[in-house]
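Protein chains in written order, with the numbering used here: chain A, 1 to 112; chain B, 1 to 115.
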């Protein structure tokens, strides 16, 4: 059974800092890994999708990497802004299951 | 292009009642999945529909059911509501099933409160 863990559970950083969010998964037989952002009480916004054959994806100030063999992914946020404050979730699509398995999330607060 | 829409956005029900939630996928998307999000359990998969057929089901009791219509719109029904069913119910669509490389796009969710 696939299990996804995110560390840390919460993070507070001053504006302008670069930061890294971590995601680990137990079953390396994944098709892809997706990073989402969720604002309080809202739905999920897809940030980056990394296919199992890829090592990283970039979008603006965001860079996500994937090391499938070790079951790890990181989301790097450069020059953080208060508007980046949200919960970040990673999710994996595992080969045998037609569904996303989500991590527990990292709640990020970027302070002025 | 309109995103995934869910109605209603908020619902308050009492124990024992039933509820129906609706989801309209992005135009051209044929797969609709439902997820339950609670503070204690996080995001959990309920089921996925494609071409009006349930393709996969999560570990939820039979009180949770769903269906998909020919226009890909989907409904989820919960019967005999329990306090523990209070949650944010999220719907997600993707272009086609069988292609796990597709990105899933999520709606804003329906917040269900059971009193």
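Positions of the beta carbon are idealized from the N, C-alpha and C atoms, including for glycine.
A quick note: this is a predicted structure, and the numbers were derived from the prediction, not measured.
Inter-residue spacing [alpha-carbon to alpha-carbon] between residue i and residue j
i                      : j                     : result
residue 111 of chain B : residue 37 of chain B : 10 Å
residue 19 of chain A  : residue 53 of chain B : 43 Å
residue 99 of chain A  : residue 45 of chain B : 7 Å
residue 11 of chain A  : residue 76 of chain A : 13 Å
residue 80 of chain A  : residue 65 of chain A : 18 Å
residue 48 of chain A  : residue 57 of chain A : 7 Å
residue 106 of chain A : residue 30 of chain B : 31 Å
residue 70 of chain B  : residue 50 of chain B : 10 Å
residue 24 of chain B  : residue 6 of chain B  : 6 Å
Among the options, the one whose alpha carbon lies nearest that of residue i
i                     : options                   : result
residue 28 of chain B : B:34, B:115 and B:72      : B:72
residue 45 of chain A : A:53, A:54, A:34 and A:51 : A:34
residue 91 of chain B : B:22, B:57 and B:103      : B:22
residue 85 of chain B : B:64, B:69 and B:34       : B:64
residue 62 of chain A : A:40, A:8 and A:36        : A:36
Cutoff 9 Å: residue i Cβ touching any chain A Cβ
i                      : result
residue 111 of chain B : yes
residue 55 of chain B  : yes
residue 28 of chain B  : no
residue 92 of chain B  : yes
Minimum Cβ-Cβ distance from residue i to chain B less than 9 Å
i                      : result
residue 70 of chain A  : no
residue 34 of chain A  : yes
residue 16 of chain A  : no
residue 103 of chain A : yes
residue 26 of chain A  : no
residue 106 of chain A : no
residue 58 of chain A  : no
residue 62 of chain A  : no
Own chain partners of residue i with C-beta closer than 7 Å, once the 5 adjacent residues on each side are dropped
i                      : result
residue 102 of chain B : 94, 95 and 96
residue 112 of chain A : 15 and 82
residue 8 of chain B   : 110
residue 56 of chain B  : 47 and 48
residue 93 of chain A  : 30, 31, 32 and 100
Own chain partners of residue i with C-beta closer than 6 Å, once the 5 adjacent residues on each side are dropped
i                      : result
residue 104 of chain A : 6
residue 23 of chain A  : 6, 73, 90 and 103
residue 3 of chain A   : 26
Cβ-based neighbour list, residue i, same chain, cut-off 8 Å, excluding 5 preceding and 5 following
i                     : result
residue 3 of chain B  : 26, 105 and 107
residue 19 of chain B : 11, 13, 77, 78, 81 and 112
The stretch 79-95 of chain A / the stretch 74-93 of chain B touching (three or more Cβ pairs under 8 Å): With the cut-off at 8 Å, the stretch 79-95 of chain A and the stretch 74-93 of chain B do not touch.
Three CB pairs or more closer than 8 Å across the stretch 11-20 of chain B and the stretch 49-67 of chain A: Contact between the stretch 11-20 of chain B and the stretch 49-67 of chain A is absent: fewer than three C-beta pairs spanning the two stretches fall below 8 Å.
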